[in-house]
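> As numbered in this note's numbering, residues 27 to 209 make up the sequence shown, in order. Virtual Cβ for every residue (Gly too), placed ideally from N, Cα, C. Sharing a structure, written as structure tokens. Questions coming.
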Amino acid sequence: EGLVKAAAQVKMGDPFDPATTMGPINNAVAVDKVLSHIADARARGAEIVTGGNVASGFATNLYFEPSIVTGLTRESLLNVEESFGPIAPVLIFETDEEAMELAASSPYGLSAAVFTSTIKNAFAFAESLKVGIVNINEMSCYWEPHIPAGGAAGTQSGLGRTGGRHTLMEMCDLKTITVDITR
């Protein structure tokens, strides 16, 4: 219910308008991917609780309704691929171990968010996740330039680290030059 309420409060529009809370998806290929993930979820029996369509009333077809999807299978594209769209796939677990197992099965490792009421659970999940960034009790959709960011080793998300001194090192290629100054 809270997610549905939050989705209803999203104001789509011009990303340069301060009143806008969500702009368009970056290109038509990305919109097609989001649509294919929604179609796959429907075909596998998931429920599109809200959204699931290109938004109407905009100058382009790059605006997509904030979407919430429940009843996903583990094989659903929303569960095994990155959508890069405004979709909140909701999976329900019986145990913490089941949640950790599913998170560990992802080939991606850029970032994750853990929401819990106990610090013990927060750190247990954070330690077990093979990702470069773990946010506890907050979203994982931002990046602070002074904090190192990047995927975890052995995953399909990100190469190396950026942020702070890591950005400088990523942009450098070391070279050693020796010179005989006696000539």
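1) If you draw a straight line from the alpha carbon of F141 to that of D122, how long is it in whole angstroms?
2) Which ranges does the alpha helix (DSSP H) cover as unbroken runs of at least 4 residues, wholly within the region 72 to 127, from first to last along the chain?
3) Is there contact between the region 100 to 107 and the region 78 to 90, where contact requires at least three CB pairs shorter than 8 Å?
4) So what's S132 in DSSP terms, helix, strand or just coil?
5) Within a Cβ cutoff of 6 Å, which residues of the same chain sit near N87, ignoring the five residues on either side of it in sequence?
6) For I162, collect the residues of the same chain with a Cβ closer than 7 Å to its Cβ; drop the 5 residues on either side in sequence, then sort them by chain order.
7) Strictly by DSSP, which residues pair up with A138?
8) What separation, rounded to the nearest whole angstrom, lies between the Cα atoms of V160 and G135?
9) Give the single residue among A150, F110 and S137 whose Cα lies nearest to the Cα of M280.
10) Using only the alpha-carbon positions, how far apart do D40 and I203 sit?
11) Does DSSP put M48 in a helix, in a strand, or in coil?
12) Looking only at DSSP bridge pairs, what is M38 linked to?
13) Taking only the alpha-carbon atoms, compute the straight-line gap between T208 and D199 and give it to the nearest angstrom.
14) Over the uninterrupted alpha helix (DSSP H) stretch that includes V205, give me the two end residues.
15) So, for G49: in the same chain, excluding its five sequence neighbours on each side, which residues have a beta-carbon less than 6 Å away from its beta-carbon?
16) Could you pull the start and end residues of the alpha helix (DSSP H) that L61 belongs to?
17) Please state the DSSP three-state secondary structure of E196.
18) Got a sec? Which residues, its chain only, sit under 7 Å from V60 by beta carbon, not counting five neighbours each side?
19) Quick check on A69: buried or exposed, where buried means 16 or more other Cβ atoms within 10 Å of its Cβ?
Based on what the coordinates show:
1) What you label residue 141 is simply residue 115 of the sequence shown in a count that begins at 1. What you label residue 122 is simply residue 96 of the sequence shown in a count that begins at 1. Cα-Cα distance, rounded: 12 Å.
2) 103 to 106
3) no
4) Here residue 132 is taken as the residue at index 106 of the sequence shown, counted from 1. Per DSSP, reduced to three states, the secondary structure at S132 is coil, with no helix or strand assignment.
5) Working through the sequence shown from its first residue, we reach residue 87 at position 61. Closer than 6 Å at the Cβ level, and outside the excluded window around N87, lie V80.
6) Taking the sequence shown and counting its residues from 1, the one referred to as residue 162 is at position 136. Closer than 7 Å at Cβ, skipping near neighbours: V140, A148 and A152.
7) As a working note, residue 138 is residue 112 in the sequence shown. DSSP, once it has assigned bridges, lists V160 as partnering A138.
8) On the sequence shown, position 134 is the one that residue 160 refers to. On the sequence shown, position 109 is the one that residue 135 refers to. Whole-angstrom Cα-Cα distance: 10 Å.
9) Since the first and last residues shown for the chain are 27 and 209, residue 280 lies out of range.
10) Translated into the one-based positions of the sequence shown, residue 40 becomes position 14. Translated into the one-based positions of the sequence shown, residue 203 becomes position 177. Going by the C-alpha atoms only, they are around 51 Å apart.
11) Counting from one through the sequence shown, the residue named residue 48 turns up at place 22. The answer is strand: DSSP assigns M48 an E or B state.
12) Position 12 of the sequence shown, counting from 1, holds the residue named residue 38. Paired residues: M48.
13) Taking the sequence shown and counting its residues from 1, the one referred to as residue 208 is at position 182. Taking the sequence shown and counting its residues from 1, the one referred to as residue 199 is at position 173. T208 and D199 have their C-alpha atoms some 28 Å from each other.
14) Looking up residue 205 in the sequence shown gives position 179. Looking at the DSSP string, V205 is not in any alpha helix (DSSP H), and its letter there is neither H nor E.
15) Residue mapping note: residue 49 aligns to position 23 of the sequence shown, counting from 1. Counting only Cβ-Cβ distances below 6 Å, and skipping sequence neighbours, we find P41.
16) The residue given as residue 61 occupies position 35 in the sequence shown. Note, L61: alpha helix (DSSP H), A54 to A69.
17) Position 170 of the sequence shown, counted from the first residue, corresponds to residue 196. It is helical.
18) Counting from 1 along the sequence shown, the entry for residue 60 is found at position 34. Excluding residues within five positions, the ones whose Cβ falls inside 7 Å are I51, F90, S109, G111 and I113.
19) Residue numbering aside, residue 69 sits at position 43 when the sequence shown is read from its first letter. Flag for A69 reads exposed.
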